[in-house]
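Using UniProt numbering, read the sequence shown as starting at 1 and increasing by one per residue. Glycine included, each C-beta is placed from N, C-alpha and C at the ideal position. These notes are about the structure you will find just below.
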Amino acid sequence: MNNELPPEIFLKLKNDLTAYSGQDLLLSDLVNIIAPPEIEEKLKNILIKTVKQKPETSIVVSSLEVITAIKDKFPKASLKHLGTNNLVIDVVAREPSNNKSLLSNTQPSFLVVCLVGIVLFIGSGMAIMHFHADVNIKQVHQEVYQMIMGQEKNNPLLLEIPYSLGIACGMIIFFNNFLSFKFDSDPSPLEIEMFLYEDKINQYAIYKKEELDSS
(Lines of atoms letter the chains of each structure in order from A; the text may use other names.)
(Lines give C-alpha, C1' and ligand atoms only; values in the text may rest on other atoms or scores of the structure.)
Protein backbone atom coordinates (compact mmCIF):
# COMPACT_ATOMS: atom_id res chain seq x y z
CA MET A 1 0.00 0.00 0.00
CA ASN A 2 1.30 3.46 -0.95
CA ASN A 3 0.96 5.80 2.04
CA GLU A 4 2.63 8.73 0.31
CA LEU A 5 0.77 11.94 1.08
CA PRO A 6 -0.47 14.04 -1.87
CA PRO A 7 1.63 17.14 -2.55
CA GLU A 8 0.36 20.36 -1.00
CA ILE A 9 0.23 23.36 -3.31
CA PHE A 10 -0.48 26.90 -2.10
CA LEU A 11 -1.75 29.42 -4.65
CA LYS A 12 -2.37 33.15 -4.63
CA LEU A 13 -3.47 35.14 -7.68
CA LYS A 14 -1.30 38.12 -8.60
CA ASN A 15 -2.54 41.70 -9.06
CA ASP A 16 -2.36 44.40 -11.73
CA LEU A 17 -1.09 42.39 -14.69
CA THR A 18 -1.02 43.15 -18.40
CA ALA A 19 -0.69 40.81 -21.37
CA TYR A 20 -0.66 41.07 -25.14
CA SER A 21 -3.06 39.52 -27.62
CA GLY A 22 -1.99 35.99 -28.55
CA GLN A 23 0.16 35.48 -25.46
CA ASP A 24 0.13 32.13 -23.68
CA LEU A 25 -0.55 32.68 -20.00
CA LEU A 26 1.34 30.21 -17.84
CA LEU A 27 0.62 29.47 -14.22
CA SER A 28 3.78 31.31 -13.13
CA ASP A 29 2.52 34.45 -14.91
CA LEU A 30 -0.72 34.54 -12.97
CA VAL A 31 -0.08 32.93 -9.59
CA ASN A 32 2.39 32.98 -6.73
CA ILE A 33 3.13 29.33 -5.94
CA ILE A 34 4.47 27.42 -2.98
CA ALA A 35 4.89 23.74 -3.82
CA PRO A 36 7.31 20.83 -3.34
CA PRO A 37 10.52 21.49 -5.33
CA GLU A 38 10.14 18.33 -7.43
CA ILE A 39 6.90 19.57 -9.03
CA GLU A 40 7.27 23.34 -8.80
CA GLU A 41 8.82 23.83 -12.25
CA LYS A 42 6.17 21.63 -13.87
CA LEU A 43 3.49 23.66 -12.15
CA LYS A 44 4.89 26.97 -13.35
CA ASN A 45 4.81 25.83 -16.98
CA ILE A 46 1.15 24.77 -16.97
CA LEU A 47 -0.77 26.65 -19.67
CA ILE A 48 -3.86 28.37 -18.26
CA LYS A 49 -5.19 30.12 -21.37
CA THR A 50 -4.21 32.03 -24.50
CA VAL A 51 -5.19 35.68 -24.77
CA LYS A 52 -7.60 36.12 -27.68
CA GLN A 53 -8.92 39.57 -26.85
CA LYS A 54 -7.79 42.68 -28.71
CA PRO A 55 -5.65 45.43 -27.12
CA GLU A 56 -7.36 48.01 -24.91
CA THR A 57 -9.66 45.34 -23.45
CA SER A 58 -9.42 43.16 -20.36
CA ILE A 59 -9.87 39.51 -19.43
CA VAL A 60 -10.77 37.82 -16.18
CA VAL A 61 -9.05 34.68 -14.95
CA SER A 62 -10.82 32.91 -12.10
CA SER A 63 -9.24 30.73 -9.45
CA LEU A 64 -11.43 27.87 -10.71
CA GLU A 65 -9.67 27.97 -14.09
CA VAL A 66 -6.31 27.78 -12.35
CA ILE A 67 -7.38 24.94 -10.05
CA THR A 68 -8.88 22.98 -12.96
CA ALA A 69 -5.66 23.30 -14.98
CA ILE A 70 -3.57 22.07 -12.03
CA LYS A 71 -5.92 19.18 -11.30
CA ASP A 72 -5.65 18.03 -14.92
CA LYS A 73 -1.88 17.63 -14.47
CA PHE A 74 -1.78 16.68 -10.78
CA PRO A 75 -5.13 15.10 -9.90
CA LYS A 76 -3.99 13.97 -6.44
CA ALA A 77 -2.56 17.32 -5.39
CA SER A 78 -4.00 19.09 -2.36
CA LEU A 79 -4.63 22.71 -3.33
CA LYS A 80 -4.86 25.61 -0.91
CA HIS A 81 -6.09 28.82 -2.51
CA LEU A 82 -5.41 32.15 -0.79
CA GLY A 83 -6.55 35.67 -1.57
CA THR A 84 -8.94 36.89 -4.23
CA ASN A 85 -10.96 34.58 -6.49
CA ASN A 86 -10.53 36.53 -9.73
CA LEU A 87 -7.73 38.29 -11.57
CA VAL A 88 -8.31 41.08 -14.10
CA ILE A 89 -5.66 41.37 -16.83
CA ASP A 90 -5.41 44.37 -19.16
CA VAL A 91 -4.66 43.48 -22.78
CA VAL A 92 -2.11 45.79 -24.42
CA ALA A 93 -0.44 46.05 -27.82
CA ARG A 94 2.49 43.68 -28.18
CA GLU A 95 5.91 45.28 -27.96
CA PRO A 96 8.89 43.80 -29.82
CA SER A 97 10.67 41.77 -27.16
CA ASN A 98 12.13 38.33 -26.68
CA ASN A 99 10.68 38.22 -23.19
CA LYS A 100 7.46 36.21 -23.18
CA SER A 101 6.51 37.04 -19.62
CA LEU A 102 3.71 39.45 -18.85
CA LEU A 103 4.45 42.99 -19.93
CA SER A 104 4.79 45.62 -17.24
CA ASN A 105 2.27 48.44 -17.19
CA THR A 106 2.91 50.78 -20.12
CA GLN A 107 4.08 54.28 -19.18
CA PRO A 108 2.43 57.35 -20.76
CA SER A 109 4.58 59.41 -23.12
CA PHE A 110 6.19 62.66 -21.99
CA LEU A 111 4.01 64.65 -24.41
CA VAL A 112 0.81 63.19 -22.95
CA VAL A 113 1.97 63.98 -19.42
CA CYS A 114 2.74 67.58 -20.43
CA LEU A 115 -0.63 68.05 -22.15
CA VAL A 116 -2.53 66.63 -19.18
CA GLY A 117 -0.50 68.81 -16.81
CA ILE A 118 -1.29 71.96 -18.82
CA VAL A 119 -5.01 71.16 -18.94
CA LEU A 120 -5.12 70.47 -15.20
CA PHE A 121 -3.13 73.63 -14.42
CA ILE A 122 -5.44 75.86 -16.47
CA GLY A 123 -8.58 74.13 -15.20
CA SER A 124 -7.62 74.30 -11.54
CA GLY A 125 -6.54 77.94 -11.92
CA MET A 126 -9.87 78.88 -13.49
CA ALA A 127 -11.75 77.03 -10.73
CA ILE A 128 -9.88 78.92 -8.00
CA MET A 129 -10.42 82.28 -9.72
CA HIS A 130 -14.14 81.63 -10.19
CA PHE A 131 -14.45 80.66 -6.52
CA HIS A 132 -12.69 83.85 -5.44
CA ALA A 133 -14.95 85.89 -7.72
CA ASP A 134 -18.06 84.27 -6.20
CA VAL A 135 -17.05 85.05 -2.61
CA ASN A 136 -15.54 88.46 -3.52
CA ILE A 137 -12.23 87.58 -1.88
CA LYS A 138 -10.74 91.00 -2.66
CA GLN A 139 -13.36 92.75 -0.55
CA VAL A 140 -12.83 90.21 2.24
CA HIS A 141 -9.10 90.94 2.27
CA GLN A 142 -9.76 94.68 2.32
CA GLU A 143 -12.12 94.38 5.28
CA VAL A 144 -9.78 92.08 7.21
CA TYR A 145 -6.86 94.44 6.54
CA GLN A 146 -8.91 97.39 7.78
CA MET A 147 -9.89 95.49 10.94
CA ILE A 148 -6.27 94.62 11.74
CA MET A 149 -4.37 97.69 10.55
CA GLY A 150 -7.09 100.31 11.17
CA GLN A 151 -6.85 101.79 7.67
CA GLU A 152 -8.24 101.09 4.22
CA LYS A 153 -6.10 99.75 1.39
CA ASN A 154 -7.22 98.86 -2.12
CA ASN A 155 -4.61 96.11 -2.60
CA PRO A 156 -3.70 94.64 0.80
CA LEU A 157 -0.66 92.67 -0.39
CA LEU A 158 0.22 91.93 3.22
CA LEU A 159 -2.74 89.50 3.20
CA GLU A 160 -2.96 88.56 -0.48
CA ILE A 161 0.61 87.26 -0.86
CA PRO A 162 0.54 84.95 2.21
CA TYR A 163 -2.95 83.81 1.21
CA SER A 164 -1.77 82.85 -2.30
CA LEU A 165 1.28 81.04 -0.94
CA GLY A 166 -0.90 79.32 1.65
CA ILE A 167 -3.18 77.90 -1.05
CA ALA A 168 -0.20 76.37 -2.86
CA CYS A 169 1.35 74.97 0.33
CA GLY A 170 -2.01 73.65 1.49
CA MET A 171 -2.56 71.76 -1.77
CA ILE A 172 0.94 70.27 -1.61
CA ILE A 173 0.43 69.12 1.98
CA PHE A 174 -3.07 67.80 1.24
CA PHE A 175 -1.94 65.69 -1.72
CA ASN A 176 1.22 64.65 0.16
CA ASN A 177 3.35 64.91 -2.95
CA PHE A 178 5.71 67.53 -4.36
CA LEU A 179 7.66 66.37 -7.43
CA SER A 180 9.20 63.10 -6.19
CA PHE A 181 9.11 64.10 -2.51
CA LYS A 182 6.49 62.81 -0.06
CA PHE A 183 6.04 64.14 3.45
CA ASP A 184 5.23 60.71 4.89
CA SER A 185 4.53 57.16 3.77
CA ASP A 186 0.74 57.50 3.93
CA PRO A 187 -1.06 57.36 0.56
CA SER A 188 -2.30 60.67 -0.79
CA PRO A 189 -6.03 61.31 -1.38
CA LEU A 190 -5.39 61.10 -5.12
CA GLU A 191 -3.71 57.70 -4.77
CA ILE A 192 -6.63 56.43 -2.70
CA GLU A 193 -9.18 57.66 -5.25
CA MET A 194 -7.22 56.05 -8.11
CA PHE A 195 -7.04 52.78 -6.17
CA LEU A 196 -10.80 52.83 -5.52
CA TYR A 197 -11.48 53.66 -9.18
CA GLU A 198 -9.34 50.78 -10.47
CA ASP A 199 -10.88 48.44 -7.89
CA LYS A 200 -14.40 49.32 -9.07
CA ILE A 201 -13.39 48.75 -12.70
CA ASN A 202 -12.03 45.31 -11.79
CA GLN A 203 -15.18 44.48 -9.83
CA TYR A 204 -17.31 45.47 -12.81
CA ALA A 205 -15.23 43.34 -15.20
CA ILE A 206 -15.61 40.36 -12.85
CA TYR A 207 -19.37 41.00 -12.56
CA LYS A 208 -19.79 41.09 -16.36
CA LYS A 209 -17.83 37.83 -16.74
CA GLU A 210 -19.97 36.09 -14.11
CA GLU A 211 -23.10 37.46 -15.77
CA LEU A 212 -21.93 36.16 -19.15
CA ASP A 213 -21.04 32.74 -17.72
CA SER A 214 -24.44 32.36 -16.07
CA SER A 215 -26.40 33.31 -19.21
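Open item on the list: Less than 8 Å between C-beta atoms, sequence neighbours within five positions excluded: which residues of the same chain meet that for PHE178?
Closed with: ILE172
Open item on the list: Would you call the segment 77 to 93 in contact with the segment 110 to 123, where contact means no fewer than 3 C-beta pairs closer than 8 Å?
Closed with: no
- [ ] State whether the segment 18 to 28 contacts the segment 61 to 73, with contact taken as three or more CB pairs (one from each stretch) at a distance under 8 Å.
- [x] yes
Open item on the list: For a minimum of 4 consecutive residues, which ranges assigned as the alpha helix (DSSP H) are wholly contained in the UniProt domain "Stage V sporulation protein AA" (8 to 93)?
Closed with: 27 to 30, 37 to 44, 63 to 73
- [ ] Per DSSP, which residues does residue 218 bridge with? Please list them.
- [x] For the chain, the structure presents residues 1 to 215; residue 218 sits outside this window and is missing.
- [ ] Determine whether the Cβ of ARG94 lies closer than 8 Å to any Cβ atom of chain D.
- [x] The chain inventory of the structure shown lacks chain D, comprising one protein chain alone.
Task: Whole-number beta carbon distance between TYR145 and LYS153, since they are thought to touch under 8 Å - done: 5 Å
Task: Exposure label - LEU196; buried when at least 16 CB within 10 Å - done: exposed
Task: Alpha-carbon to alpha-carbon, LEU190 and ILE46 - done: 39 Å
TODO: Report yes if the C-beta distance between ALA19 and VAL88 is below 8 Å; otherwise report no.
DONE: no
TODO: Have a look at CYS169 and GLY150 and give me their C-alpha separation to the nearest angstrom.
DONE: 29 Å
Open item on the list: Using a Cβ distance threshold of 8 Å, determine whether the segment 64 to 79 contacts the segment 5 to 17, with at least three qualifying pairs required.
Closed with: yes
TODO: Grab me the residues of GLN142's own chain with a C-beta within less than 8 Å of its C-beta, minus the 5 sequence neighbours each way, in chain order.
DONE: GLU152, LYS153, ASN154, PRO156
Open item on the list: Is it buried or exposed, LEU43, if we count other Cβ atoms within 10 angstroms and call 16 or more buried?
Closed with: buried
- [ ] Look at ASN86 and ILE206 and say whether their C-beta atoms are less than 8 Å apart.
- [x] yes
Task: Rounded separation between ILE161 and ILE128 - CA only - done: 15 Å
TODO: Could you tell me how far apart the beta carbons of ILE48 and PRO7 are, in whole angstroms, since I believe they sit closer than 8 Å?
DONE: So it is not a contact: roughly 19 Å between Cβ atoms.
Open item on the list: So, with DSSP's three-state summary, where would you put SER109?
Closed with: coil
Open item on the list: Is the beta carbon of SER21 closer than 8 Å to that of PRO55?
Closed with: yes
Task: Exposure label - VAL31; buried when at least 16 CB within 10 Å - done: buried
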